[in-house]
Each structure stands twice: as C-alpha cells, then as structure tokens.
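Student: Residue numbers (this note's numbering), protein chains in the order written: chain A, 2 to 279; chain B, 65 to 125.
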Amino acid sequence: MGMEQIAEKYFRPGRLPHIWCPGCGNGIITGAIARAVDQLGLDQNEVAMISGIGCSSRSSGYLDFNTANTLHGRALPIASGVKMANPALKVIVASGDGDCTAIGGNHLIHAARRNIDLTLVVYNNSIYGMTGGQYSPMTPKGSKATTAPYMTIEPSFNLLELARAAGATFVARATTYHVPQMVDAIAKGIRHKGFAIVECVSACPINFGRQNKAGAPAKMMEWQRDHAVMVAAWEKMPAEKKAEAQAAGKFPIGVLYETDAVQEYTEAYDGVIERARR
Amino acid sequence: MLKLISQRCKGCGICVNFCPKKVLEVTEVGKCAIVEGKAPDCILCGQCEMRCPDYAIFVEK
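(1) Apart from the five residues just before and just after aspartate 105(B), which ones in its own chain have a Cβ nearer than 6 Å to its Cβ?
(2) Does the segment 91–99 of chain A come into contact with the segment 54–68 of chain A, if we say contact requires no fewer than three beta-carbon pairs (one atom in each stretch) closer than 8 Å?
(3) Would the segment 122–137 of chain A count as touching the segment 145–164 of chain A if we require 3 or more Cβ pairs under 8 Å?
(4) Could you tell me the alpha carbon to alpha carbon distance between lysine 10(A) and alanine 33(A), rounded to whole angstroms?
(5) Is any beta-carbon of chain A found at less than 7 Å from that of proline 114(B)?
(6) Short check: CB of alanine 186(A) to CB of alanine 173(A), under 7 Å?
(7) What number of angstroms, rounded off, separates the C-alpha of alanine 197(A) from the C-alpha of valine 48(A)?
(8) Along the chain, where does the beta strand (DSSP E) containing threonine 176(A) start, and where does it finish?
(9) Mind reading off the beta-carbon distance from serine 57(A) to tyrosine 124(A)? Whole number of angstroms is fine, and I expect it under 8 Å.
(10) What does lysine 67(B) touch in chain A if you count any residue whose Cβ is under 9 Å from its own?
(11) Take leucine 43(A) and list the residues in its own chain whose beta-carbon comes closer than 7 Å to its own, dropping the five residues that flank it on each side.
(12) So what does DSSP say about phenylalanine 122(B), is it helix, strand or coil?
(13) If the criterion is Cβ atoms closer than 7 Å, does the pair alanine 175(A) and arginine 114(A) meet it?
(14) Between Ala233(A), Glu200(A) and Lys251(A), which has its C-alpha nearest tryptophan 224(A)'s C-alpha?
(15) Let's see if you can read the secondary structure: which residues bound the alpha helix (DSSP H) around tyrosine 63(A)?
(16) Any chance you could list the beta strand (DSSP E) runs of at least 3 consecutive residues sitting entirely within the segment 89–145 of chain A, in chain order?
(17) Among Lys214(A), Met131(A), Pro78(A) and Ala112(A), which has the Cα closest to the Cα of glycine 99(A)?
(18) Decide yes or no for the touch test of the segment 19–39 of chain A against the segment 206–226 of chain A: beta carbon pairs closer than 8 Å, at least 3 of them.
(19) Checking contacts by CB at 7 Å: is alanine 229(A) closer than that to chain B?
(20) With distances taken Cα to Cα, identify the nearest neighbour of alanine 262(A) among Pro181(A), Ala233(A) and Phe171(A).
(21) Starting from leucine 64(A), find everything on chain D with Cβ-Cβ shorter than 7 Å and list it in chain order.
(22) By Cβ distance, which residues of its chain are closer than 7 Å to leucine 257(A), with the 5 residues on each side in sequence left out?
(23) Would you tell me roughly how many angstroms separate the C-alpha atoms of leucine 41(A) and valine 184(A), rounded to the nearest one?
(24) Any beta-carbon of chain B closer than 7 Å to the one on valine 38(A)?
(25) Could you check what DSSP says for glutamate 200(A) in three-state terms: helix, strand or coil?
(26) Is it true that the CB of lysine 67(B) sits closer than 7 Å to the CB of aspartate 118(B)?
(27) Going straight from the alpha carbon of threonine 148(A) to that of proline 141(A), what length do you get?
(28) Who are the near neighbours of isoleucine 121(B) in its chain, counting only those whose CB is closer than 6 Å to its CB and skipping five residues on each side?
(29) Let me see if you follow: with CB-CB separation under 7 Å, is cysteine 106(B) close to chain A or not?
(30) Given a limit of 9 Å on CB to CB distance, which residues of the segment 195–228 of chain A reach chain B?
(31) What's the gap between the Cα of alanine 112(A) and the Cα of proline 181(A)?
(32) Answer with buried or exposed for lysine 125(B), where buried requires no fewer than 16 other C-beta atoms within 10 angstroms of its C-beta.
(33) Name the residues in the segment 83–100 of chain B whose C-beta lies less than 8 Å from a C-beta of chain A; which are they?
(34) At a CB distance below 8 Å, what residues from the segment 22–33 of chain A approach chain B? Give them in sequence order.
(35) Count the other CB atoms, across all protein chains shown, that sit within 10 Å of the CB of threonine 68(A); report buried if there are 16 or more and exposed otherwise.
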C-alpha cells in the first residue's frame, strides 16, 4: 500500500493536517508506525496505541487504533495494564524523550525488567518541545535550551544501553532520515515477543533547532544522515575508530540487540493464574 | 506523477532539499509546488513522499 492509502486507512478521518510544527519529525515517526502495522498486515482492532504527554503523544489521537492518551510519563504502566487485560492485543507505546526518560524513567526500567510484550517507540527530539524548549535527559551535552541559556553541562542518557541493562529484549534505533529502516525496526519490534524499544532520532526545528542554530528542517535531517552508522558497519569498526566516531557524535542505527531467551511477562503470569487455581 | 495536497503542506522544504532532480520548490505562500516545466524530470524515486512529515506529497505510479 502506498503512503497515500496508508494515511487514508490508518489515520482518523478529518484529523489532517496535524498540529506539529513545519519540519517536525513526529509526522514521519507516526507515519512509520502506520506503515509498520500495514506491513505486518495487522487488523486495526488488534492494535492498541498508548501515549503519554508531549508533542509525540498527540500521535495516538491521529491513528485509528484502540488508543489512549494518558498521563505524563505513565504511558508504559497503562500499556502494561492493557496488555495484561488482553494479551492478544499488539500494544504500541508512543513516548517522547522527556516523557520516557525523565518523568517516566522509572516506569521504563521496570517495564524493561519485566520483559512485558510492548513496543515502545521513543520520539527522541532531544528537547521538551511542547512546553517551549527546556532540556531533557536526552539533550546532548553542550546544547542550548530555555532552561540552559549557557549550555547544558549534563551528559545525556544512552537510552538503548539503559533499556538493555534494565532487561529489554529488543533494542533498535532509527532516524527520521532513514525511513525504511525505521519502518523495519518498528515492525520487528512489534513482532518481537517481549519488551521492545525503538529509539527514533528526530528533529525539533523550532524549539531545539532555533536555539542551537541547527538550520532548516532539511539541514537537521542531513545531520542525522551524516551521523548515523548502520549497525553492521558500526560493529566492524576497530575500537579506536569507534571511539573516534563516538566522540564525533556518531551513533549506530538498526537492530542493536535481540534475544528470545527471556520469558515474557504475560506468559509468566499465566503460570500465576494456573497455580492460584490449583 | 506527483500528487500534492497543499492543504496539508507547511512548507518545511524537506522534499525540496532531498529531491535529486530539483523538481520541487516552496512557493511564496509557503507551499510545496512543482517548478514550472520540471514535471517531466521527476523520476518517481519517492524521496519526497518518504520524508514528508505532513503526508502532503505522494508518488502515483
């Protein structure tokens, strides 16, 4: 199906144009979720999309699945409840970098630890866009923000290392420049049985870009093109070269980690139900 | 052929930047349009459709 038909089928009628700013990557990520669902041939009624609060979290209002726009940082607990109540649903969680790593940071590590079958799509635009450009835990060190007019001095999280250490069993990254790879990563994340996280590197041209003189939206996308390295090439890099690339702000994209060796949470819970009935 | 839905377009210029054949432009009113006379140059590569954040440009094959 072409994108025109996908927009027609998976978006609620009459909701476009969306409210996101010109050049905002959120539209591309939301489109990629719709494309991934289409690629997997899922029925819209089998999919639930839960979001928190922030620019990214408006996405659940546009897509025509079973959706809920919930509390700031609390999309994962509510999605966990949805999954527990009906494990047959494919549950996708849309969360921004602030929503996911700051307000909902604790929920993130515990959802990952439980390995509950959710697909967390992180719209990482490195800033709190909706509230006017305050820095988040994902804002790169040395950036300007409304709350850091003399530049941030904090290192940012390596979100995927964090999720993996906490117990996530599927870890992937893509950028809004690499759209087919993003669709592929989200589709694989949905197919994966267990906690899947897909970090989508995006651009906020208005509230991050302007303060940091990052240029037009297309320029910010070119930055993604020039700094993302396919995981196969990344893994082949000798340690010295990798350290150099990292120092230059480069990062790997693709599926970085995947395992089927850990039992999924709702499956384990079936055991609890069985033992309680005995 | 390219199909443009100008009602959705916000004139961000992403499609213009990544068009390998320079078929597109952002007009005075801030909407994406096909440069006059350039329509036959389009190779239907879909770079514009793929990255349009507003679902405002499609390739019809």
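Ideal Cβ positions, reconstructed from N, Cα and C, are used throughout, including at glycine.
Tutor: So, to answer that:
(1) Position 41 of the second sequence holds residue 105(B). Counting only Cβ-Cβ distances below 6 Å, and skipping sequence neighbours, we find Lys85 and Val87.
(2) yes
(3) yes
(4) Counted from its first residue, the first sequence places residue 10(A) at position 9. Counted from its first residue, the first sequence places residue 33(A) at position 32. If I take the Cα positions, the gap works out to 14 Å.
(5) Locating residue 114(B) in the second sequence gives position 50, where the first residue counts as 1. Note that residue 114(B) is methionine in the sequence shown, not proline. Closer than 7 Å to some Cβ of chain A, the Cβ of methionine 114(B) qualifies, so yes.
(6) For the purposes of this step, residue 186(A) is identified with residue 185 of the first sequence, where counting begins at 1. For the purposes of this step, residue 173(A) is identified with residue 172 of the first sequence, where counting begins at 1. Taking 7 Å as the Cβ cut-off, alanine 186(A) and alanine 173(A) qualify as a contacting pair.
(7) Locating residue 197(A) in the first sequence gives position 196, counting from the first residue. Locating residue 48(A) in the first sequence gives position 47, counting from the first residue. Rounded to the nearest angstrom, the two C-alpha atoms are 15 Å apart.
(8) Taking the first residue of the first sequence as position 1, residue 176(A) is located at position 175. Run containing threonine 176(A): 171–176, per the beta strand (DSSP E) assignment.
(9) As a position in the first sequence, residue 57(A) is number 56, starting the count at 1. As a position in the first sequence, residue 124(A) is number 123, starting the count at 1. At roughly 3 Å, the Cβ-Cβ gap stays under 8 Å, so serine 57(A) and tyrosine 124(A) are in contact.
(10) Mapped onto the second sequence, residue 67(B) falls at position 3. Neighbours of lysine 67(B) on chain A, chain order: Glu5.
(11) Residue numbering aside, residue 43(A) sits at position 42 when the first sequence is read from its first letter. Excluding sequence neighbours, leucine 43(A) sits near Lys91.
(12) The residue labelled residue 122(B) in the question sits at position 58 within the second sequence. Strand at phenylalanine 122(B).
(13) Residue 175(A) sits at position 174 when you count from the first residue of the first sequence. Residue 114(A) sits at position 113 when you count from the first residue of the first sequence. No, they are not a contact pair.
(14) In the first sequence, counting from the first residue as 1, residue 224(A) sits at position 223. For tryptophan 224(A), the nearest C-alpha among the options comes from Lys251(A).
(15) Here residue 63(A) refers to the residue found at position 62 of the first sequence. That run of the alpha helix (DSSP H) goes 60–63.
(16) 91–97 and 119–125
(17) Mapped onto the first sequence, residue 99(A) falls at position 98. Considering only alpha carbons, the answer is Met131(A).
(18) yes
(19) In the first sequence, counting from the first residue as 1, residue 229(A) sits at position 228. No, alanine 229(A) lies away from the interface with chain B (no Cβ there is under 7 Å from its Cβ).
(20) Sequence index remark: in the first sequence, residue 262(A) carries index 261 (1-based). Checked all of Pro181(A), Ala233(A) and Phe171(A); the closest Cα to alanine 262(A) is Phe171(A).
(21) The structure shown contains no chain D; its protein chains are A and B.
(22) Taking the first sequence and counting its residues from 1, the one referred to as residue 257(A) is at position 256. The residues are Leu161, Val172, Ala173, Arg174 and Val232.
(23) As a position in the first sequence, residue 41(A) is number 40, starting the count at 1. As a position in the first sequence, residue 184(A) is number 183, starting the count at 1. Whole-angstrom Cα-Cα distance: 10 Å.
(24) Stepping through the first sequence from its first residue, residue 38(A) is reached at position 37. False, the Cβ-Cβ gap to chain B never drops below 7 Å.
(25) Position 199 of the first sequence, counting from 1, holds the residue named residue 200(A). Strand, per DSSP.
(26) As a working note, residue 118(B) is residue 54 in the second sequence. As a working note, residue 67(B) is residue 3 in the second sequence. No, Cβ-Cβ distance for aspartate 118(B) and lysine 67(B) is not below 7 Å.
(27) For this step, residue 148(A) is matched to residue 147 along the first sequence. For this step, residue 141(A) is matched to residue 140 along the first sequence. In a straight line, the C-alpha of threonine 148(A) is about 14 Å away from that of proline 141(A).
(28) Here residue 121(B) corresponds to residue number 57 of the second sequence, with the count starting at 1. Closer than 6 Å at Cβ, skipping near neighbours: Leu68, Cys79, Cys112 and Glu113.
(29) Against the second sequence, residue 106(B) aligns to sequence position 42. No, cysteine 106(B) does not count as interfacial toward chain A.
(30) Pro206, Ala217, Pro218, Ala219, Lys220, Met222 and Glu223
(31) Taking the first residue of the first sequence as position 1, residue 112(A) is located at position 111. Taking the first residue of the first sequence as position 1, residue 181(A) is located at position 180. Their Cα atoms are separated by approximately 27 Å.
(32) Counting from one through the second sequence, the residue named residue 125(B) turns up at place 61. The residue in question, lysine 125(B), is exposed, as its Cβ has fewer than 16 Cβ neighbours within 10 Å.
(33) none
(34) Cys22, Pro23, Gly24, Cys25, Gly26, Asn27, Gly28, Ile29 and Gly32
(35) Your numbering for residue 68(A) matches position 67 in the first sequence. Buried is the call here.
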